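Below is one structure, written out as structure tokens; the observations come after it.
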Amino acid sequence: MFSCIMNKGNVFKCLLNGKWIESNTGKRDKIFSPVDGTIVGEVQCISQQEAEEFIVTAKDAQKDWNNVAVNKRADVVHKAADILDREKETIAEVMVKEIAKNRKSSLSEIARTVDFMHFTAEEGKRVVGESLSSDSFPGFGKGKVSIVHRVPLGVILSIAPFNYPINLAASKVAPALMAGNSVVLKPPTQGAISSLYLGRVFCEAGVPPGVLNVITGQGREIGDYLVSHPHINMIAFTGSSKVGRHIAQIAGMKPMLLELGGKDAAIVLADADLDITASNIVSGAFSYSGQRCTAVKRVLVIESVADELIKRIIKLVNSLTVGNPQDDADITPLISDSAAEFVKELIDDAAEKGARLLAGNKIEGNLIYPTVFDNVTKDMRLAWEEPFGPVLPIMRVKNSEEAIEIANRSEYGLQSSVFTSDIDNAFKIASKLEVGTVQVNGKTERGPDHFPFIGVKSSGMGTQGIRYSIEAMSRSKAIVLNLK
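Residue numbers for the sequence shown follow this note's numbering, beginning at 24 and rising by one.
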């Protein structure tokens, strides 16, 4: 099935107007596996001049796609989900090599994406408009009726991250298609091969030529050009806060969904169930080696239960396996050497300033063993900066007010967790936390995917979630009937 997207030697092509093409420049990026440094494949470096065609063909194709009945669009998305499920073993193997995600988690990501696409196809059928009568407003009789329906925005630029190259690409593409848009998908360089496989899945499902184009290339070469192009009608981006702010500055008055960084805090009160709390914290902090925007990135625990909580956390951390993703290790190599070097900077800073090392701080190239620090203080970088790696800082606090103050001082505002047996107090604390979502007695996480997913401050802009994404990728349009 996938032979059309590559040449001999694992040279991968781009998807343009229903055809798999190579760049006229002859330039390509080599994708090296984070696991062992071997070449996984090469992807095209599309130039700015070539990028124009990806946008123009998407703009032209969108007009006909918008005229396709919603139930027919849903059939295509359902079929794509079925094909993705059929090819899950092949694509999971690519993910293991390309992004060092263990096989179990890769298959889980694909299964989740299959469910997401099926749900999106059905939800898209239920996004409807309304009619309003003028007589409900003072001063008007029954002389006017407003018929409000939803129309697509046009061409959606979807920029996906390395850590979920299937799920976070499909979570942009599927809602956009159901709303009647066309899509230009720009995957990350590391992760591009996985996303190209996803593009082939949609092709086989019957997405018309041009309705989904997949473009690869260096962000520094084509990134600004794409986001500022006048024919791009919306931007859906997942990535760093730094890049998100840059996009917002140069894109003009385009609507955006920005899913950015986080420094999610787990607040642990004295009456928390410590076994449940520890299990959620370790799972939340170290899944995919902490390379998740929703990872638990700091623990704010009441002093009186800190020691007991730490015992449980360390026991669980010591049971995590470290090594090769093909062996389904829990902790696998980080995406790059530079990512590992940044995490090491934060670890070294904490150690130099007096944090107490409880586990880890063992580094082999870009493989960092799960690391836990106690007595992390406000003057340490680890208290504020997002590591995107397997390191967990524990900060002891006197009371919930101090925990709230530290949590809210962050530039980020994605999620927080509150662990307590007092549900009234949980709601009280949740109301004071400056984040998009508060998890009560559970780890910070994205799903279920039909729930709203929201970031505030430097964590993002707009609301995602299946119905919310479809609505964000469409707009209301009113037709007023003036009756005699």
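Backbone N, C-alpha and C define an ideal beta-carbon position, used for all residues, glycine too.
The model shown is predicted, which means the values in this text are computed figures rather than measured ones.
- A Cβ-Cβ contact shorter than 9 Å links G377 with T400.
- No Cβ-Cβ contact shorter than 9 Å links N204 with S433.
- The C-beta distance from A308 to L415 rounds to 5 Å, short enough to meet the 8 Å contact threshold.
- Within 10 angstroms of the beta-carbon of D353 lie 16 or more other beta-carbons, which makes it buried.
- Judged by their CB atoms, S423 and I290 are nearer to each other than the 9 Å cut-off.
- Here G383 has Y392, P393, T394 as same chain residues with Cβ atoms under 6 Å from its own Cβ, once five neighbours each way along the sequence are excluded.
- With 16 or more other Cβ atoms inside 10 Å of its own Cβ, G214 counts as buried.
- In the three-state scheme derived from DSSP, where H, G and I count as helix and E and B as strand, Y435 is classed as strand.
- DSSP places V206 in the strand class (E or B) of the three-state scheme.
- Within the model, the alpha-carbon separation for N30 versus V305 is close to 42 Å.
- Per DSSP, the unbroken beta strand (DSSP E) holding L38 starts and ends at 37-39.
- Contact between T261 and P184 holds, since their C-beta atoms are separated by about 5 Å, short of 8 Å.
- In this structure, the alpha-carbon of R173 lies about 28 Å from that of R135.
- Annotation: K265 to A193 spans about 23 Å, alpha carbon to alpha carbon.
- Taking V328 as the centre and dropping the five residues before and after it, the same chain places the C-beta of A293 closer than 6 Å to its C-beta, in chain order.
- Put simply, the backbone Cα of K500 is about 20 Å away from that of E146.
- For Q462, the enclosing beta strand (DSSP E) covers residues 460-463.
- Of A115, G177, I189, the smallest CA-CA separation from K277 is found for G177.
- Residue environment: Q272 is assigned as exposed (fewer than 16 neighbouring CB atoms within 10 Å of its CB, all protein chains considered).
- Contact check for G412 against A363 passes: the beta carbons are separated by less than 9 Å.
- Put simply, the stretch 88-103 does not touch the stretch 156-163. Fewer than three CB pairs are less than 8 Å apart.
- Counting only runs of 3+ residues, the beta strand (DSSP E) found wholly inside the stretch 60-100 occupies 62-67, in chain order.
- Each of E45, V58, F77, Q72 was checked against the Cα of E65, and the nearest Cα belongs to E45.
- Collapsing the DSSP output to three states places K102 in a helix.
- Taken through DSSP and simplified to helix, strand or coil, M140 comes out as helix.
- Counting every other CB atom within 10 Å of its CB across the protein chains shown gives P57 a total of 16 or more, marking it as buried.
- Nearest C-alpha to A453 among A288, S302, T355: A288.
- In the structure shown, G214 falls within a coil segment according to DSSP collapsed to helix, strand and coil.
- If you draw a straight line from the Cα of A144 to the Cα of A228, it comes to about 13 Å.
- Between the stretch 457-468 and the stretch 114-122, the count of Cβ pairs shorter than 8 Å is below three; the stretches do not touch.
- Between W88 and P231 a beta carbon distance of about 6 Å is seen, short of the 8 Å cut, so the two are scored as contacting.
- With a beta-carbon spacing of about 10 Å, A199 and V207 fall beyond the 8 Å limit used to define contacts.
- Taking every protein chain shown into account, the CB of L506 has fewer than 16 other CB atoms within 10 angstroms, so this residue is exposed.
- Contact between Y248 and A74 holds, with the beta-carbon distance rounding to 6 Å and staying under 8 Å.
- Comparing alpha carbon positions, the residue from S482, L107, A202 closest to K86 is A202.
- Per the C-alpha coordinates, the member of P356, F474, L380, C27 positioned closest to I489 is F474.
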